[in-house]
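Chains as they are written, first to last, in my numbering: chain A, 1 to 346; chain B, 347 to 682; chain C, 683 to 988. Data block below; observations after.
Written as structure tokens, this is what we have:
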């Protein structure tokens, strides 16, 4: 069908000529229309329309240019300053509470990001799935369901800095002393991995709730009815049939949540103390979680001119690692949600 | 999804199911109660700052330098009855509103045009590139935007856009060194646009093709057909996208604290072109910058007051955006 | 169809073969005669059609038009004239290329990315590929199967085509006479005269379809393409639209695609029968329905397969 291919090209060529005025004389206006528009006003593309199309093209290309420049710039600077050995070095501490200077590496911040993301997701996942299951499968009385939905939406809309300051407010109360450091005078320090993890879970919670609900609601009714018909009660149906079928959606929501936790800075800056990993006490896992530390995000913040460090090289390198991490997580989300047909390339 | 009532009377298994329902319901209630509790707690802690200042807290005419006021509060004597609470937060509010509104207005236009490009005018290859590009821009952490802002954009503004003469002219009042609300608004625009693009593209695609075909069959060019039919039909979605973007913009703390200069100054539109490069400090950035002072009681309460204002506005807007989208789903079965 | 108490005879069409008729099992009341009568009932249906009055003028024609979707041919080498002063009905089973053919006449087929076109289409002896496509679409209007009024008022719908072309928007007062005239020609003015600002979506199906026709009339379409316009409508609205079509044919060349043979019989002056992308037969309606030349046409018209 080569002729069809060439004809397709011919049509494509003709399409490209659409901005040229027709070569033929303008059509005669019938009598009725001469009152409405003069012949020279009868153009297919008015100047304003052309401006609009040009503006649309400009914005589309600008979008590509901006993202390309961000990625390329971070790539160049990051690779310039990133040394593989530094990935595995502990940062050098020049004062008791801050990481400063150009020496040392980023092992602690990386560990911090890892710990915090894991902790936040571990807390958010069961709670989020539980709430989503209740909202989707039970949800009685309905005023309560609406209230819970609204509550989740409000949390979704709360800025992370406000969540951070909530955390500080709540967890400096005496009763929560076990979660962090209690100073000599009885004041609770209020900053630790535990606390940051709890507040981080609030970031991931709405995402997990939303994704799980969507996954559950997309399971057709006959699946549930088949399970009931076999004699299983609701909770077993949920555990054995519905949740496994929703795995993909839950995974998408969880990965989205992890991406947002890894990228957040405000909570870390306020609730984690920006120190190298400083465990509190001697119990293996708990003491780390009770202690303070830092993450890639707070490391970048502190080493930039905005923080203490003024070591932009470190900041660039750590930012590069962070960016790669976030891109990777987004890629994973892409893989999970590929089934759903919301690609735009139609 | 509710079970029909007849099946509820299923016999001995009923209690296990009921228990499960109670437990899950209790979980949801506990979380709801915790959220509500935190909100109430913050307002309770913030109350003294509001009560001591009354409406002057918000007023543009109450005057005074915000930074000085904050320092005074921080240095107030240890005696509770002598706590200093004087706070006229107008410059902070003004800066927040300025940055947010500028970013949302420019961002909405930018997002709408980009969405129209993606839906109608982009060649296939470009369309395939743009989809991951938008997702990427949405996923970049704000600290990286802040880093590029502070090391590249601010520097650029300082060296190339602000003349030495301008700097000298205001040297007594404020330092024009590139750290400005203009840079903050610019970068914030880039941050919020991807969210809006996703929503608007989905809405444009949800407009029935029969309308588009009908318009085109009348001899209307593609731009006009798209604008007068699809964009018109997608107006509610555009509004919802703008509302959601505003909520996001209000809450941005880290990037703005890195590039806006951390000076509690209210930019003055009457200054002419310099207006755009004057420093400022929105609410969220103020909290970040002053977080170390939380040990001092009145200072902490003032910060909680700032957080309370942020909470009301951002959470309310986000809730409104969600609500609008819910209503739209009922009308149009669109995927937003 | 009359009260059939048995299934109609099954006809299998094999190219170049005599069609085989499988006789249904004999029932007490059924007779082969009753079946034959039902099939030939087509010709005894009341014909709404009245003879043409004026001259016939050729407005459009296709030469060797061939369209393929991603390599699969949908229309193969068709030469078809479209004349003002008469109604051309395109009939044929589903998927035989009628709609593709129709959509190529106003170059709507170009919107589909996988479609390729070969051959030429002429509008008033001008190659449509050399014309500005918006100008072509103004002159060659289309009415779709599902009525698609815009989500605006009735006035705005009809005025839409007049407002949105050109570099200046005419005022509402200037548009009013044109809108009213278009509605009058479409036979809708009486029904909506007092409600011009009401939303168009509140009209009934038949009214909406007439509104779509009025839209095209407002921009002075010279050719009107109708893609199964009555398939979603009730019989009364259908007859109204058929009346409208017949009243418009003097000024406008009309092409109607329909799978309803009785409708084609009622309104058509010329009939084109398409099957699997080929134009099998083209001629006067009386001839195609009464004494079809091709075997396939005979089978289709008599038994209505597909």
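Using N, Cα and C, we set each Cβ at its ideal position, and we do this for glycine too.
query, result
"Pairwise C-alpha distance: residue 472 of chain B and residue 959 of chain C", "35 Å"
"Nearest-angstrom Cα separation, counted from residue 624 of chain B out to residue 333 of chain A", "40 Å"
"From B/621, B/642 and B/634, residue whose alpha carbon lies closest to that of residue 656 of chain B", "B/634"
"Supposed close pair residue 382 of chain B, residue 651 of chain B - CB separation, criterion 8 Å", "Rounded, the Cβ-Cβ distance is 19 Å, inconsistent with contact."
"Residues, ordered as in the chain, of the stretch 563-589 of chain B that lie near chain C by beta-carbon distance below 7 Å", "563, 564, 565, 566, 567, 570, 574, 575 and 579"
"Short CB-CB distance (under 9 Å) between residue 790 of chain C and chain B", "yes"
"Residue range of the unbroken beta strand (DSSP E) whose run includes residue 799 of chain C", "797-805"
"Helix, strand or coil at residue 42 of chain A according to DSSP, with G and I counted as helix", "coil"
"Through-space distance from residue 974 of chain C to residue 559 of chain B, alpha-carbon basis", "36 Å"
"Interface flag, residue 817 of chain C vs chain A, CB-CB below 9 Å", "yes"
"Within chain B, the residues that residue 820 of chain C reaches when beta carbons sit closer than 8 Å", "564 and 565"
"Beta carbon of residue 81 of chain A nearer than 9 Å to that of residue 316 of chain A", "yes"
"Any chain A beta carbon closer than 9 Å to residue 464 of chain B", "yes"
"Whole-angstrom C-beta distance between residue 953 of chain C and residue 935 of chain C, which should lie under 8 Å", "Incorrect: roughly 15 Å between the Cβ atoms, too far for contact."
"Between the CA atoms of residue 763 of chain C and residue 780 of chain C - distance to the nearest angstrom", "14 Å"
"Closer than 8 Å: residue 285 of chain A CB and nearest the ligand COA heavy atom", "With respect to the ligand COA, the structure offers nothing, as it holds no ligand at all."
"Residue 264 of chain A in three-state terms, based on DSSP", "coil"
"Under the three-state DSSP convention, the category residue 952 of chain C falls into", "strand"
"Cβ-Cβ distance between residue 542 of chain B and residue 588 of chain B below 9 Å", "yes"
"Candidates B/674, B/665, B/668 and B/632: closest to residue 416 of chain B by CA position", "B/632"
"Straight-line Cα distance separating residue 239 of chain A from residue 331 of chain A", "29 Å"
"Beta-bridge partners of residue 770 of chain C, as assigned by DSSP", "C/937 and C/952"
"Coil, strand or helix - residue 862 of chain C by DSSP", "helix"
"Residue 742 of chain C classed as buried or exposed, judged by whether at least 16 other C-beta atoms fall within 10 angstroms", "buried"
"Span of the beta strand (DSSP E), counted from its first residue to its last, around residue 743 of chain C", "739-751"
"DSSP-derived helix/strand/coil call for residue 824 of chain C", "strand"
"Same chain, Cβ closer than 7 Å to residue 946 of chain C, neighbours up to 5 away in sequence not counted", "771, 773, 940 and 953"
"CB contact flag (residue 395 of chain B, residue 613 of chain B, <9 Å)", "no"
"Residue from B/377, B/528, B/467 and B/432 with nearest C-alpha to residue 447 of chain B", "B/528"
"C-beta neighbour in chain B for residue 330 of chain A, strict 9 Å", "yes"
"Where residue 1015 of chain C sits in the DSSP three-state scheme", "Given that chain C is displayed from residue 683 to residue 988, the structure contains no residue 1015 of chain C and the question cannot be resolved."
"Beta-carbon contacts of residue 245 of chain A that lie in its chain and below 8 Å, excluding the five residues immediately before and after", "215, 219 and 223"
"Any chain C beta carbon closer than 9 Å to residue 101 of chain A", "Its pLDDT being 46, under 50, residue 101 of chain A is placed unreliably in this model, and the coordinates cannot settle the point."
"Rounded C-alpha distance that separates residue 452 of chain B from residue 535 of chain B", "7 Å"
"Burial state of residue 713 of chain C (16 or more Cβ within 10 Å)", "Note that residue 713 of chain C scores a pLDDT of 48, beneath 50, so its modelled location is shaky and nothing firm can be said."
"Chain A contacts from the stretch 892-915 of chain C (Cβ-Cβ distance under 8 Å)", "902"
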